[in-house]
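Peer 1: In full-length UniProt numbering, the protein residues as written are 1 to 220. Beta carbons: idealized from backbone N, C-alpha and C, even for Gly.
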Amino acid sequence: MSERSVSKQKKGKRWYSILAPEQFDRAELGETFADEVEQINGRTIEVTLGELTGDAGANNTKLTFKITDVGSDSAYTEFVKHELTRDYLRSLVRRGASKIDVNVTVLTKDDYRVQVQPVALTTKKADNSQEKAIRKVMIDLVEEAAEDHTFEELVDSVVEGRLSSAIYGEAKTIYPLRRVEIQKLDLEARPEEVAAEEEAAVDVDEEDVAVDEDAEADEE
1 MSERSVSKQK KGKRWYSILA PEQFDRAELG ETFADEVEQI NGRTIEVTLG ELTGDAGANN
61 TKLTFKITDV GSDSAYTEFV KHELTRDYLR SLVRRGASKI DVNVTVLTKD DYRVQVQPVA
121 LTTKKADNSQ EKAIRKVMID LVEEAAEDHT FEELVDSVVE GRLSSAIYGE AKTIYPLRRV
181 EIQKLDLEAR PEEVAAEEEA AVDVDEEDVA VDEDAEADEE
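#1: Just tell me which of Asp69, Ala58 and Gly30 has its CA closest to the CA of Glu38.
#2: Do three or more CB pairs link the stretch 143 to 152 to the stretch 127 to 135 at distances below 8 Å?
#3: Helix, strand or coil: how does DSSP classify Glu170 here?
#4: Between the C-alpha atoms of Val93 and Gly30, what's the straight-line distance to the nearest angstrom?
#5: I believe Glu28 touches Lys62 by the beta-carbon criterion, under 8 Å. Please report the beta-carbon distance rounded to the nearest angstrom.
#6: Taking the runs of the alpha helix (DSSP H) that are 4 residues or longer, which of them lie wholly in the stretch 43 to 121?
#7: Using the beta-carbon count (16 or more within 10 Å), is Pro176 buried or exposed?
#8: Give me the residue from Lys66, Gly57, Gly50 and Ala145 with the minimum Cα distance to Pro21.
#9: From what residue to what residue does the beta strand (DSSP E) around Ala34 run?
#10: Within 10 angstroms of the Cβ of Thr44, are there 16 or more other Cβ atoms? Answer buried if so, exposed if not.
#11: Could you tell me the alpha carbon to alpha carbon distance between Glu199 and Ala189, rounded to whole angstroms?
#12: Report the rounded CA-to-CA distance for Val158 versus Ile174, giving the unit in angstroms.
#13: What's the C-alpha gap between Val137 and Ile18?
#14: When the distance is taken between beta carbons, is Thr48 closer than 8 Å to Asn41?
#15: Under DSSP, the beta strand (DSSP E) around Asp156 begins and ends at which residues?
#16: Can you give me the C-alpha to C-alpha distance between Asp35 and Thr77, rounded to a whole angstrom?
#17: So, at 7 Å on beta carbons, what are the nonlocal neighbours of Leu154 in its own chain, with the 5 sequence-adjacent residues on each side left out?
#18: Relative to the C-alpha of Val104, which candidate in Glu143, Ser72 and Lys124 has its C-alpha closest?
#19: With DSSP collapsed to three states, give me the class of Ile139.
#20: Just to confirm, is the Cβ distance from Val119 to Lys99 under 8 Å?
#21: Can you find the residues in the same chain that come closer than 6 Å, C-beta to C-beta, to Trp15, ignoring five residues on each side of it along the sequence?
#22: With which residues is residue 223 paired in a DSSP beta bridge?
Written out as structure tokens, the structure reads:
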């Protein structure tokens, strides 16, 4: 029996393989050691896209996953963030050119709330009206993508570069672009959390209406 097996038996601890979601082919993200499921449930793990795909050229993209379910020897995760490394983003900026970015918060077709941050890099310095027009294109296309896609599909579109390509194709007609990237995609709320927030907001609105009606009655 190996030393690790003996150690696990003595301490009552065990190793869990951390697995990516199905959309990432249940790839193994790493291992973690614990004696209670509660110790690892909710943990996050960060890997590069290159580590998942075996493509060293994709190491400038970081993916974050959160453990949401634990089995006998496996910990299952959900995707929560896509982000470009700071070094890579800095390498894209050129003197005498424009960096145009925007934060867009959207609801996907299956009611996940997501923040998406596209960035466009021009070949030369764009003027304010051109930057404003490019920013509008980015907002419109992100909103359309969210409206037409589930959360999983939107993540795939970002990770595979389809959304940034769509923005590039339309925005380059406004001003010559060198590159468009999605610098960040962040899961803000799941459908059940969004529904709970909306329900709470409705409750607050109803209370305000009741207070207003009481005030009017007192005045009479």
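Peer 2: Taking the definition as stated:
#1: Locating residue 38 in the sequence shown gives position 38, counting from the first residue. Its Cα nearest to that of Glu38, the residue Asp69 stands out among Asp69, Ala58 and Gly30.
#2: With the cut-off at 8 Å, the stretch 143 to 152 and the stretch 127 to 135 do not touch.
#3: For the purposes of this step, residue 170 is taken as residue 170 along the sequence shown, with counting starting at 1. Of the three classes helix, strand and coil, the one that applies to Glu170 here is helix, per DSSP.
#4: Taking the sequence shown and counting its residues from 1, one reaches residue 93 at position 93. Taking the sequence shown and counting its residues from 1, one reaches residue 30 at position 30. If I take the Cα positions, the gap works out to 34 Å.
#5: For this step, residue 28 is matched to residue 28 along the sequence shown. For this step, residue 62 is matched to residue 62 along the sequence shown. Not a contact, Cβ separation roughly 17 Å.
#6: Complete alpha helix (DSSP H) runs here, min 4: 49 to 53 and 86 to 92.
#7: What you label residue 176 is simply residue 176 of the sequence shown in a count that begins at 1. So Pro176 ends up on the exposed side.
#8: Along the sequence shown, read from residue 1 onward, the residue named residue 21 stands at position 21. It is Lys66 whose Cα lies nearest to the Cα of Pro21.
#9: Residue numbering aside, residue 34 sits at position 34 when the sequence shown is read from its first letter. Ala34 -> beta strand (DSSP E) spans Glu28 to Ala34.
#10: Start at 1 with the first residue of the sequence shown, and residue 44 comes out as number 44. Residue burial is scored here from C-beta neighbours: Thr44 has fewer than 16 other C-beta atoms within 10 angstroms and is therefore classed as exposed.
#11: For the purposes of this step, residue 199 is taken as the residue at position 199 of the sequence shown. For the purposes of this step, residue 189 is taken as the residue at position 189 of the sequence shown. Those two C-alpha atoms are separated by around 14 Å.
#12: In the sequence shown, the residue the question calls residue 158 occupies position 158. In the sequence shown, the residue the question calls residue 174 occupies position 174. Cα to Cα, the separation comes out at about 22 Å.
#13: For the purposes of this step, residue 137 is identified with residue 137 of the sequence shown, where counting begins at 1. For the purposes of this step, residue 18 is identified with residue 18 of the sequence shown, where counting begins at 1. Note on geometry: alpha-carbon atoms of Val137 and Ile18 lie some 38 Å from one another.
#14: As a working mapping, residue 41 is identified with position 41 in the sequence shown. As a working mapping, residue 48 is identified with position 48 in the sequence shown. In this structure, Thr48 does not lie closer than 8 Å to Asn41 by Cβ.
#15: Indexing the sequence shown from 1 puts residue 156 at position 156. Where Asp156 is concerned, there is no enclosing beta strand (DSSP E), although the alpha helix (DSSP H) it sits in stretches over Phe151 to Val159.
#16: Residue numbering aside, residue 35 sits at position 35 when the sequence shown is read from its first letter. Residue numbering aside, residue 77 sits at position 77 when the sequence shown is read from its first letter. Each residue's CA atom was taken as its position, placing Asp35 and Thr77 some 19 Å apart.
#17: Translated into positions along the sequence shown, residue 154 becomes position 154. Cβ neighbours of Leu154 beyond the five flanking positions: Thr108, Val114, Ala145 and Ala146.
#18: Here residue 104 refers to the residue found at position 104 of the sequence shown. Nearest of Glu143, Ser72 and Lys124 to Val104, Cα basis: Glu143.
#19: Your numbering for residue 139 matches position 139 in the sequence shown. In the three-state reduction of the DSSP assignment, Ile139 falls in the helix class, which pools H, G and I.
#20: Locating residue 119 in the sequence shown gives position 119, where the first residue counts as 1. Locating residue 99 in the sequence shown gives position 99, where the first residue counts as 1. Against a cut-off of 8 Å, the Cβ pair of Lys99 and Val119 comes out as a contact.
#21: Numbered from its first residue, the sequence shown carries residue 15 at position 15. In its chain, beyond the 5 residues on either side, Glu31 and Phe33 have a beta carbon closer than 6 Å to the beta carbon of Trp15.
#22: Outside the shown range of the chain (1 to 220) lies residue 223, about which nothing can therefore be said.
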